Amino acid sequence: MSRPTHNSKSATVRQKGEKHYVMLYTRYERFWHWSQALLIFTLFYTGLGLHGLHDWLDFRTAVTVHSYAALALIVLWMFTTFWNFTTGQWRQYLFKEGVMKVIRFYAYGILVGEPHPYKKGLQRKQNALQSLAYMSFMLLIGPALWSSGIVYLLYDVWSGYRWSGQGLTLIAFIHTAAAYLMGTFVIIHVYMTTTGKTPTHYIKTMITGYDSIELTEAEKAYIEETHSVSIRD
Amino acid sequence: MTKACLSCHTEAGRHFKQSIHWTWEYDNPVTGQKLGKKHLINTFCTNARGNEGMCAQCHAGYGWKDENFDFDDENNIDCLVCHDRTGTYYRVPNSMGNKACAVMFQDREPIQWAKVAQNIGKPGRENCGSCHFYGGGGDGVKHGDLDSSLKFPDRHLDVHMDAEGLNFACTTCHVTKQHLWAGSRYNVMARDTEGLGLPGERRDVATCESCHSASPHANTELAGIKLNGHVDKIACQTCHIPSIARGGVATMVDWDWRSAGKTKNGEGYKEKNYTQGNGAHRATYKSIKGDFTYAEDLIPHYDWFDGQMLYTTIDSRFQPSDGPVEINGFKGAYDDGNSRIWPFKRMHTIQPYDKGNNTMVYMHLWGDDEDAYWGNYDFARAIRVGMEQHNIPYSGRYDFVETYSFWPITHMVAPSEEALDCVECHSRDGRLDQLEGFYLPGRDSFRWLDILGYLALGGALLGVLAHGLLRKLFADKHRQGEA
């Protein structure tokens, strides 16, 4: 932790937009991220088995694990939705300008050593492309999976209706399609974590929570006054 | 003997005369068909009608050998076949057969009537089994889930009848009320939603649910809840009877009448080329019947079944070109709200039919006369006489047609730990592979969705690999430029 004397001294010396090593991803955010990752891997693995693509886990165990993991993930998402709204962090996922610039960077700029067009900040943890990807993750892929999954889990409640046969087919289709999208998301997401300063930089950030970002004078002053965000300089 | 029984059990005769064991007749209230052994065509010896002298050995009465049997006379009831507890009582054909059948009852001890009369009781498995284990003309031939191995089964063969364990008699499940038994094959309760019913025993059904309830699996674990969710679509028997004919006695799966009638030196003969699990040799050819194929530890045939059998009777017409004739076809579909997936033993037979009228035929098989097939080996004559005896139109031309019969499986229930694993059905090439029209997780998928899914996953993998490679190549070049 930084000492007050050091801080007051640096405040006079450092320029606006200086980089600081700050807690960007709070403890809950990291817990959410990594438990979600574990659950999604579990669900994807057991789900592929249930879909008949491998038999490395017997069907009964796969059903049990898949169901419990799904319930755990739904609970996690409920907490996280609550967290997102009470902390105001949901604004991080809003649409930002400059998506094309980011796409151009990953398609070309990254190869020739251009700097990333987007500067991370306390109130803008994600670049424009990330926001768009995470937004569709949370508003399309996620809901398609959990809503079809819940209906699937409750099959026995509606199996008596005449349309239950077609209903099951439809639900299975939506669930499978969304699962493929989720798998695709995860592959790209995991790869993108290697595009930081070093291949493991982003992963370390997501584990420790700290990253080096520019703080505005106002942010810095606010943090120093309230200690609402921890800084390791 | 019967007079003595009825002198005390004064109502028993009247009750028993309502039983199908006596009438051999069943009027189906739904289809209006007249059923029962008295009328039906079957896929084994083809018809009891006209052959009662032999077949009515398994009629619980004395002396039914032709149309003149008196169904009103209570004194004709055979109480002993069900109530003898010595195991020494037996029955013989009601009329003489031909010389070809002479060897069937050699070496039987004479019945000791005093001993039998003093040892009567409620029927045991061997009483019911004396007929029901031997249906179709021999041990285990007809059903596959009923054969002589159930006299003293172990737990593995039948968890309920386990002689060292629960030791159920047939009537433990097939509960009776005034000599009427629960558990009809002509009107099967394919789906029992009532379950345990009111306190005390239900006396109307022999269903698993009537003891085990309609949600028999443990609701305290997820797998149990999931299994209970299967009960509305899957009969208990489907998972809990993993295979049939697994007690060392084979069941017949194929019978070809076309080859019957071959003789050696003018005499009929048998070939016993199948040795079953308990070591007994089974006939694979008999001059009087044709060629047989057996199976043991047989995986049943599965299909949706709503409990309603539809019989091809002697007056039903069919098109032989439409494929095998289903002697007892059945209804059922995944979305009719009544059906469940049931296991069946499916019997395949090639048997005579009336080529001119496209109907099945009655054959005159049994009798000490010139017309009986079991003596003259003459299909044309046996069929003509069999039809004439019952005034049934016959074109005079016969041929052979393929038939199927379906026997719902409900016995040989294995211990719970030997019930089917989920994957037996929830997999490609699983047991329910041939059932169509519904989505079965683990078996079914959407072809185009899977292709698109693989393309997306594979594309993403290839894409990031290529991107990573490019990054590395450019970084190396950059470093060389600096150096």
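In order, the protein sequences belong to chains E and B.
Numbering-wise (the numbering used here), the first sequence opens with residue 1 and increments by one.
Numbering-wise (the numbering used here), the second sequence opens with residue 234 and increments by one.
Glycine included, every Cβ here is placed at the ideal spot set by N, Cα and C.
Keep in mind it's a predicted model, so treat the numbers as computed, not measured.
Given a cut-off of 7 angstroms on the beta-carbon distance, is the pair residue i and residue j in contact?
i	j	result
Arg318 of chain B	Gly354 of chain B	yes
Met596 of chain B	Gly629 of chain B	no
Gly556 of chain B	Glu529 of chain B	no
Trp537 of chain B	Asn331 of chain B	no
Thr546 of chain B	Ile560 of chain B	no
Ala478 of chain B	Leu431 of chain B	no
Phe277 of chain B	Gly377 of chain B	no
His419 of chain B	Leu543 of chain B	Reading the sequence as shown, one finds Tyr at residue 419 of chain B and not His. Cβ atoms of Tyr419 of chain B and Leu543 of chain B: not closer than 7 angstroms.
Ala415 of chain B	Val421 of chain B	no
Gly52 of chain E	Arg712 of chain B	no
Val392 of chain B	Met485 of chain B	no
Thr176 of chain E	Leu695 of chain B	no
His20 of chain E	Asp211 of chain E	no
Thr40 of chain E	Ala693 of chain B	One detail in the question is off: residue 40 of chain E reads as Ile in this sequence, not Thr. No.
Gln351 of chain B	Trp490 of chain B	no
Cys315 of chain B	Asn275 of chain B	no
Arg60 of chain E	Cys469 of chain B	no
Buried or exposed: where does residue i fall if 16 or more other Cβ atoms within 10 Å of its Cβ makes it buried?
i	result
Lys236 of chain B	exposed
Thr440 of chain B	buried
Glu307 of chain B	buried
Gln345 of chain B	exposed
Leu598 of chain B	buried
Pro262 of chain B	exposed
Thr636 of chain B	buried
Met287 of chain B	buried
Leu702 of chain B	exposed
Trp158 of chain E	exposed
Asn284 of chain B	buried
Met394 of chain B	buried
Trp640 of chain B	buried
Asp55 of chain E	exposed
Lys705 of chain B	exposed
Arg282 of chain B	buried
Ala347 of chain B	exposed
Met1 of chain E	The predicted model places Met1 of chain E with a pLDDT of 37, which falls under 50 and marks its position as unreliable; any figure quoted below should be read in that light. Burial call: exposed.
Gly149 of chain E	buried
Based on the DSSP secondary-structure assignment, which residues constitute the bridge partners of residue i?
i	result
Gln541 of chain B	B:Asn420
Met23 of chain E	E:Tyr210
Pro674 of chain B	B:Asp677
Tyr631 of chain B	B:Asp587
Ala528 of chain B	B:Thr484
Lys267 of chain B	B:Asp260
Ile274 of chain B	B:Asn280
Going by DSSP in three states, residue i sits in which element: helix, strand or coil?
i	result
Leu682 of chain B	helix
His376 of chain B	coil
Ala615 of chain B	helix
His659 of chain B	coil
Leu665 of chain B	coil
Pro648 of chain B	coil
Leu50 of chain E	helix
Asp709 of chain B	helix
Trp297 of chain B	coil
Asn7 of chain E	Here the model assigns Asn7 of chain E a pLDDT of 44, short of 50, so the residue's position is not dependable and the matter cannot be decided.
Thr279 of chain B	coil
Glu359 of chain B	helix
Ser638 of chain B	strand
Gly370 of chain B	coil
Gly121 of chain E	strand
Ile253 of chain B	helix
His534 of chain B	strand
Leu702 of chain B	helix
Ile74 of chain E	helix
Ile344 of chain B	coil
Ile353 of chain B	strand
Ile310 of chain B	strand
Ile467 of chain B	strand
Ile231 of chain E	strand
*Can you list the beta strand (DSSP E) stretches of 3 or more residues lying completely in the segment 554–613 of chain B, in chain order?*
561–563, 573–587
*Mind pulling the beta strand (DSSP E) runs of 3 or more residues that sit fully within the segment 473–523 of chain B?*
If we require 3 residues or more, the beta strand (DSSP E) runs fully inside the segment 473–523 of chain B come out as 484–489.
*Secondary structure, alpha helix (DSSP H): runs of 4+ residues fully inside the segment 383–419 of chain B*: 403–406
*Whole beta strand (DSSP E) elements within the segment 156–214 of chain E, 3-residue minimum*: 210–214
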